[in-house]
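In my numbering, the protein residues as written are 1020 to 1457. The beta-carbon is built from N, C-alpha and C at its ideal position, and this holds for glycine as well. Just below is one structure, and these are the notes that go with it.
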Ligand code: 4AD
Ligand code: MG
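Structure, rendered in structure tokens:
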């Protein structure tokens, strides 16, 4: 019996006129009269309109079906009827309807606030919007694995509980660990740097935690970062990999998720040209010049770019832009100075990739300092105890090599691709300053 059921998307293909099929799923919408019944049925793949008459179904089945609330689980049997007006080109003429589990009155109705929908995320996951986003999310993470594996990178999994900070103490989540205090990981980086001396080229897609104390539409407290780290690699080479990776992901989404992008009204014509266009790489110093000349914004050299400056900069571009060589002063302890850079002050061998359309920084990366005393001094400046990082400094003591890596914010990328208003919808169960439920 089980095997007889087919997926809705599989029946909505040409040439199925008159075919008898069994479908199962959930009631998405219903309407009807005393004689006719319309049920839009959904399964994971798609929706289809089912039409039944009292005459065909008989009084008892008709009345039972008519009483079903939305989100009741049901199985149906009927014949496919090609109908140009029906969404997807087919309707199902019902011969049988069987409730599996009738639903109580579903709390989500039309026109509810974003907050209500997030309070009911466990139910809202069933919406066409969330279904589409989750499918694209699956394509994105699948593409990341494929991209790196095709290029000979190994997947390397970092610890989630860690004794060290890597991206500054202010966003660390503390965890009571037996009778000590440790932290949730902010990045895999320090461990990745250890692993490249064994595997040379590695990547991961892992949960990452940051206690972001501000409410924005682009920060989560728990998010997924896709990182890579490679031995014998300069930061400029890492930039090339990053651009190739993001292009590869977009190509995969365009290949697999056109329907979903349409459901999300994410307009594929924004994405298609990205595959052939050049993606600019500019220095921080050039970015300041663009801000001044084109946007009339004066940013003092040495200051990190704030959101409004990033947004203003990106008004000049319709592809992602990689900005490199930020001032060393504002950078994390592991980013080395680039002595060859042409800039008014010391800059780091580092880069950010910024998405267009106001989606902000999607990638942060750099070369890693290999100089023990430079790292120690930078750690001290950040107020860290150098002895806590002794194992990290060991990596420079035993056969050090030039190496680089970067981290891609998976939800930031999804939010941009799907054109979401808020990053919270790029992850199934968002955690933020104000939300930990459901
Ligand atoms: O720029 P970040 O802080 O870089 C690092 O953590 C490096 N250690 C990565 C590496 O070199 N291996 O974070 C990387 C990316 C950002 O560009 C952003 O896209 C995303 O992670 N990100 C966040 N996404 C959602 N919510 C947050 N709170 C985020 N913080 C960073
Ligand atoms: Mg960053």
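Check	Outcome
Reduced DSSP secondary structure (H/G/I, E/B, other) of residue 1139	coil
Buried or exposed by the 16-neighbour rule on C-beta atoms within 10 Å, applied to residue 1476	Given that the chain is displayed from residue 1020 to residue 1457, the structure contains no residue 1476 and the question cannot be resolved.
Ligand 2 heavy atom lying under 7 Å from the CB of residue 1371	yes
Nonlocal neighbours in the same chain, by C-beta distance under 6 Å from residue 1061, ignoring five residues either side	1044, 1045, 1047
Distance cut-off 7 Å: residue 1402 Cβ against heavy atoms of ligand 2	no
Start-to-end residues for the alpha helix (DSSP H) that takes in residue 1214	1208-1218
Residue 1384: CB within 7 Å of a non-hydrogen atom of ligand 1	yes
For residue 1127 and residue 1142, believed in contact at Cβ under 8 Å, the rounded distance	6 Å
Separation of residue 1449 from residue 1456, as counted between CA atoms	8 Å
Cβ neighbour criterion (16 or more within 10 Å) applied to residue 1407	exposed
Rounded separation between residue 1310 and residue 1034 - CA only	57 Å
Local conformation of residue 1100 per DSSP, three classes	strand
Which listed residue (1214, 1203, 1374) has its alpha carbon closest to that of residue 1243	1203
Cβ-heavy atom distance, residue 1439 to ligand 1, below 7 Å	no
Buried or exposed (CB count within 10 angstroms, at least 16 for buried), residue 1068	buried
Helix, strand or coil at residue 1193 according to DSSP, with G and I counted as helix	strand
Rounded C-alpha distance that separates residue 1161 from residue 1340	24 Å
Beta-carbon contacts of residue 1113 that lie in its chain and below 7 Å, excluding the five residues immediately before and after	1069, 1070, 1071, 1075, 1076, 1095, 1097
C-alpha distance - residue 1020 paired with residue 1153, whole-angstrom precision	Unreliable placement is indicated for residue 1020, whose pLDDT of 46 sits below 50; the coordinate value is still reported in the next sentence. Spanning the two alpha carbons is a distance of roughly 29 Å.
Three-state class that DSSP yields for residue 1439 in the structure shown	coil
Close-in-space but distant-in-sequence residues of the same chain around residue 1036 (CB under 6 Å, 5 per side omitted)	1101
Same chain only: Cβ atoms within 6 Å of residue 1374, ignoring 5 sequence neighbours per side	1339, 1381, 1435
Residue of 1106, 1084, 1026 minimising C-alpha distance to residue 1282	1106
CB contact flag (residue 1217, residue 1176, <8 Å)	no
DSSP state of residue 1027 mapped onto helix, strand, coil	helix
Residue of 1300, 1194, 1292 minimising C-alpha distance to residue 1258	1300
Simplified DSSP state of residue 1450, which is helix, strand or coil	coil
Check: residue 1380 C-beta below 7 Å from any heavy atom of ligand 2	yes
DSSP state of residue 1445 mapped onto helix, strand, coil	helix
Segment contact flag, the stretch 1190-1199 with the stretch 1261-1280, C-beta cutoff 8 Å, min 3 pairs	no
Uninterrupted beta strand (DSSP E) stretches inside the stretch 1288-1373 (no shorter than 3 residues)	1300-1302, 1340-1343
Every unbroken alpha helix (DSSP H) inside the stretch 1027-1072 [4 residues or more]	1027-1030
Same chain only: Cβ atoms within 7 Å of residue 1179, ignoring 5 sequence neighbours per side	1203, 1204, 1226
Check: residue 1246 C-beta below 7 Å from any heavy atom of ligand 1	yes
Cβ-based neighbour list, residue 1335, same chain, cut-off 7 Å, excluding 5 preceding and 5 following	1309, 1313
DSSP state of residue 1251 mapped onto helix, strand, coil	coil
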